[in-house]
Structure formats: structure tokens, C-alpha cells
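Enquirer: This is the structure, below, for whatever I ask next.
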Amino acid sequence: MLKIILPTIMLLPTALLSPPKFLWTNTTLYSLLIAALSLQWLIPTYYPYKFLSNWTGIDQISSPLLVLSCWLLPLMIMASQNHLQQEPMQRKRIFISTLVAVQPFILLAFSTTELALFYISFEATLIPTLILITRWGNQPERLSAGIYLLFYTLVSSLPLLITIMHLYVKIGTLHLPTLQLIHPTLSTSWTGMLSGLALLMAFMVKAPLYGLHLWLPKAHVEAPIAGSMLLAALLLKLGGYGIMRVTLFMGPLSNLLHYPFLTLALWGALMTSSICLRQTDLKSLIAYSSVSHMGLVIAAGMIQTHWSFSGAMILMISHGLTSSMLFCLANTNYERTHSRILLLTRGLQPLLPLMATWWLLANLTNMALPPTTNLMAELTIMITLFNWSAFTIILTGIATLLTASYTLFMLLMTQRGSIPSHITSMQNSTTREHLLMALHIIPMFLLILKPELISGIPS
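Note that the working numbering has the sequence shown beginning at 1379, numbered continuously upward.
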């Protein structure tokens, strides 16, 4: 574990001390090297925990998410190059340092075996994200977006801290493997129920559950491209991962806790998909599609069966790569037209034909075309939900239909139609952008061949 965390921390001096000419080269290559090293975590093993130390251990649920977070750091650095061109060197260094600073906390949050350390790193990821949004966002509204993010997260996570302390007093340990071995301590009493609610609430806001999701479209729309990728691909997954970890040792939840969350998650998947159909802002559309996908993950996490956990894992990984790629594509459009409004950026296929290919691939994976892992995940989750209650098929079915329709709507709006009259010239797409898209889509295609790596099933 340390052989990844220490090089990640050493990226800070690399970013701060590299000669100006080699700043991007050094940081990108170094982080790609770390990403390549982290692939060893995917090696299957018979032991429940790989690389177990006092504080960290990697099991089937956390290894795919850890590899994903290492993989996305170089991609975030690559995506940010263009919009930082005009900035002075000092600010470039600070920007890269902020990106790097989130990374150790995310790695710790995904790999820790101690609930208290998990809470600390879960909260610490908030600070660099807030700096990214409020300092490097595009519009003045970024400040209100930052305040939304801060208060939603803080209000929901203080009860989590209190409950973690309460559990420690009650059980005497917060060590996750130990907690999974002893009998669930949360009884059906009011205290038990409120503790369960507090444990789940922090992750529901982070995931986000429909109704607690208002900070997400704001934060996504105002964040710079790296901030959007970070939020969509990693910080939302912290919520899903937290739900999967916490529900394991809470024992069978009382129905009073189950039903509201499940209903809201499924209804939210439907509602946000229909909001996407009426969306004028490209980044906001992609942000709302994240909410609907994570709704399925929350629903799967609530049922607590092996199948549903497996489906939730696959969906989290594939959604991480897909939504991150969609944000990158939206950003390439934004950098050329300086507008996120769909009406003003339509008809780009004749201008950027190769970009249109990436758009098509990203949209097809987003709408869960057959061989992709997105489809496997959605089908797995739908089957478990159907097994739990046959009525859920109505909600998930309509949500799938709406997902396909808004994805096609997004593709047709950006690529087809007449070119708006105000677009007279257009920059060519660069090799950097094509490489960025390729590095998102190649893992997606490779995972189609071996989805066991990310399915969360002990191999």
C-alpha cells in the first residue's frame, strides 16, 4: 500500500520543483507510472484481504476503486493542460498540487480497515475539491456551488462522526474485518435505527440520493474539468463504497430504513433521467445522468445481496470511466465555443469528425449498449431488484428507456444539425485530447473481456 501512497505524496515536490519546461511531462508520466504500478491490486487471491497492514487492507470491493482513482490522476492532469495555458507558472504548480493532494486521501478512504480513519479521509477529500471549484471554476456562481457542496457534506457527516464514536463505545473496536465477524450491534430500538440512519445519510448525500442531490449539478457545472472528473469519477464512488461497507455490519436493516431510501433511489433515477431530457446545459445534463446511475447503485446497496453488490461494483467502475469521458468531451466543446448551451454548440460533426467518434463511443457506453460492462451492471441490478420485488421492474425499465433517450438526445444535439451561424472557425482537435479519450475508453473495452476484475466477487 505504501509503495503507491508514498510516490503519490512525492508527486507534490515533483509538481512544485519541476523545471517549467517539463512540468506537465514530469507530473503526467510520474502519475501514469503510479497508475501502472497500482494494477497489481487486481491480481486475484484466495485471502479476504490483500496487502494487509495495521491500517489498510485491500479486498475485492476496494481494489477496483483504488485502481480507478490511480488511473484518473494522470487523465485529470492531461485534461487540465489547455485551460491553464494562460496562467502563470506558480498557479499551474498550485493547481497540480491541489489535484495531487486529493489523491492520498481517496486512496486511504478506499483502502482503510479502520472506520475512524475512513471518516477522516472521507472528509479530507472535501477541502482540495472545494479549493478546485471555488478558485478555478469559470463563473462567479462557483462560490455558491462551493457553499452548497460544503454545507450538504458537513451537515450530513457530523451525525456519522457521532455514530462512529457511539459504535466505538458500544463495541470497543472500529476495525472493519472484526466488525464483519461479530454479530450486528445495531438493534431494532430507536437508537439503533437512528444510528443506522446517521451512518447511511452521509453516504446518501455523497452518492447522491435524489432529493439530497442539489449540490451536484451546481458543483459540476461550476468546476473546472479536473474538478468535474474528480467529482463524477471518484467522490461519488466514495458514497457508494461507504454504503456497501456500512450496510455489511449493520445487519438486516429495518424496513423503515430500507423502503424510503430504495423508493427515493429508484424514483430519483426516473426523475433525473426525465430532467436530462429538458436540459439546455451540457455539463448539467451529464451531472444529472450521474445522479440517475448512482440511484441504481444505492438501490443495489440497500438490498445487500451478493448479486446486487456485484452489480453495484461494476456500475460504479464503468460509470466512473464513462462520465469522466463525457465531461472531457463536453470540456473540449467548451474550450472551442466557450459555451455549454446545447443550442449554441450543435452540428460539430463536420467540423471535428474524429471527436464525433469519441462522442459516439462515450454515449453508447453511457446508454449501456450490449457488450459493455454498463449493461452487465444494470442488468444485474435490475434482476436483483426484480427478485426483491417485482414492481421495481416498472421503475427501472422506464429509467433505462429514458437513459437511452437522453443519451441519444445529447449525441444528436452536439453532433448533428446545422452549424450555428456564430461559429466561423474551429480549432482542430489535438493529439492530447485523442489520447485522453483513448485512455478512458480502452479500459472500458478491456473490462468487457474480463469483468470479474471489477465485479467484487472473490476470485
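Glycine included, every Cβ here is placed at the ideal spot set by N, Cα and C.
Please report the distance separating the alpha-carbon of residue 1819 from that of residue 1547.
Expert: Cα to Cα, residue 1819 sits roughly 47 Å from residue 1547.
Enquirer: Using C-beta distances below 8 Å, list every residue in its chain close to residue 1350, excluding the 5 sequence neighbours before and after it, in chain order.
Expert: Nothing can be reported for residue 1350: it is not among the residues displayed for the chain, which extend from 1379 to 1837.
Enquirer: Between the Cα of residue 1831 and the Cα atoms of 1415, 1421, 1385, which residue gives the shortest distance?
Expert: It is 1421 whose Cα lies nearest to the Cα of residue 1831.
Enquirer: Under the three-state reduction of DSSP, which class applies to residue 1800: helix, strand or coil?
Expert: Coil.
Enquirer: How is residue 1501 classed by DSSP in three states: helix, strand or coil?
Expert: Three-state DSSP puts residue 1501 in a helix.
Enquirer: Taking 7 Å as the line, does the beta carbon of residue 1476 fall inside it for any heavy atom of the ligand COA?
Expert: In terms of ligand content, the structure shown is empty, and the ligand COA therefore cannot be addressed.
Enquirer: Alpha carbon to alpha carbon, what distance is there between residue 1728 and residue 1656?
Expert: About 26 Å.
Enquirer: Report the partner residues of residue 1553 according to the DSSP bridge assignment.
Expert: Residue 1553 pairs with 1492.
Enquirer: Quick one, which of 1769, 1801, 1473, 1448 has its alpha-carbon nearest residue 1482's?
Expert: With distances taken between Cα atoms, residue 1482 lies closest to 1448.
Enquirer: Using only the alpha-carbon positions, how far apart do residue 1791 and residue 1770 sit?
Expert: Between residue 1791 and residue 1770, the C-alpha separation is close to 31 Å.
Enquirer: Drop a sphere of 10 angstroms on the beta-carbon of residue 1455, count the other beta-carbons inside from all chains shown, and report buried for 16 or more, exposed for fewer.
Expert: Answer is buried; the Cβ neighbour count reaches 16.
Enquirer: What three-state label does DSSP hand residue 1512 in the structure shown?
Expert: Looking at residue 1512 - three-state DSSP - the assignment turns out to be helix.
Enquirer: Using the Cβ count rule (16 or more neighbours within 10 Å means buried), how would you classify residue 1828?
Expert: Under this definition residue 1828 is an exposed residue.
Enquirer: List, from N- to C-terminal side, the alpha helix (DSSP H) runs of 4 residues or more that fit wholly inside the segment 1732-1818.
Expert: Runs found: 1751-1766, 1770-1793.
Enquirer: Please classify residue 1412 as buried or exposed, where buried requires at least 16 neighbouring CB atoms within 10 angstroms.
Expert: That one is buried.
Enquirer: Please classify residue 1751 as buried or exposed, where buried requires at least 16 other C-beta atoms within 10 Å of its C-beta.
Expert: Residue 1751 should be labelled buried.
Enquirer: Please report the Cβ distance between residue 1511 and residue 1600, rounded to the nearest whole angstrom; I am assuming they are in contact, meaning their Cβ atoms lie under 8 Å.
Expert: Their Cβ separation, rounded to whole angstroms, is 6 Å, which keeps residue 1511 and residue 1600 in contact under 8 Å.
Enquirer: Residues in its own chain within less than 7 Å of residue 1709 by CB, not counting five upstream and five downstream?
Expert: For residue 1709, where only same-chain residues beyond five positions count, the Cβ hits under 7 Å are 1457, 1603.
Enquirer: Mind checking residue 1822: buried by the 16 CB within 10 Å criterion, or exposed?
Expert: Classification for residue 1822: buried.
Enquirer: Is it true that the CB of residue 1721 sits closer than 8 Å to the CB of residue 1711?
Expert: Taking 8 Å as the Cβ cut-off, residue 1711 and residue 1721 do not qualify as a contacting pair.
Enquirer: Just curious, the alpha helix (DSSP H) that residue 1404 is in, first and last residue?
Expert: Looking at the DSSP string, the run of the alpha helix (DSSP H) that includes residue 1404 is 1401-1416.
Enquirer: Return the first residue and the last residue of the alpha helix (DSSP H) that residue 1711 is part of.
Expert: Note, residue 1711: alpha helix (DSSP H), 1684-1715.
Enquirer: Please classify residue 1434: does DSSP put it in a helix, a strand, or coil?
Expert: Residue 1434: strand per DSSP, three-state reduction.
Enquirer: Helix, strand or coil for residue 1584, going by three-state DSSP, please let me know.
Expert: Of the three classes helix, strand and coil, the one that applies to residue 1584 here is helix, per DSSP.
Enquirer: What three-state label does DSSP hand residue 1428 in the structure shown?
Expert: If DSSP states are grouped into helix, strand and coil, residue 1428 belongs with the strands.
Enquirer: Return the CA-CA distance between residue 1433 and residue 1630, expressed in angstroms with no decimal places.
Expert: Their backbone Cα atoms lie some 27 Å apart in a straight line.
Enquirer: Quick one: what's got a C-beta closer than 8 Å to residue 1635's C-beta in the same chain, skipping five residues either side?
Expert: Cβ within range, chain order: 1571, 1574, 1575, 1578.
Enquirer: For residue 1496, collect the residues of the same chain with a Cβ closer than 7 Å to its Cβ; drop the 5 residues on either side in sequence, then sort them by chain order.
Expert: These residues qualify, in order along the chain: 1487, 1490.
Enquirer: Return the chain-ordered ranges of every alpha helix (DSSP H) run that is complete within the segment 1442-1496 and spans a minimum of 4 residues.
Expert: Here the runs fully enclosed are 1467-1489.
Enquirer: Tell me the DSSP secondary structure of residue 1421 in three-state form.
Expert: If DSSP states are grouped into helix, strand and coil, residue 1421 belongs with coil.
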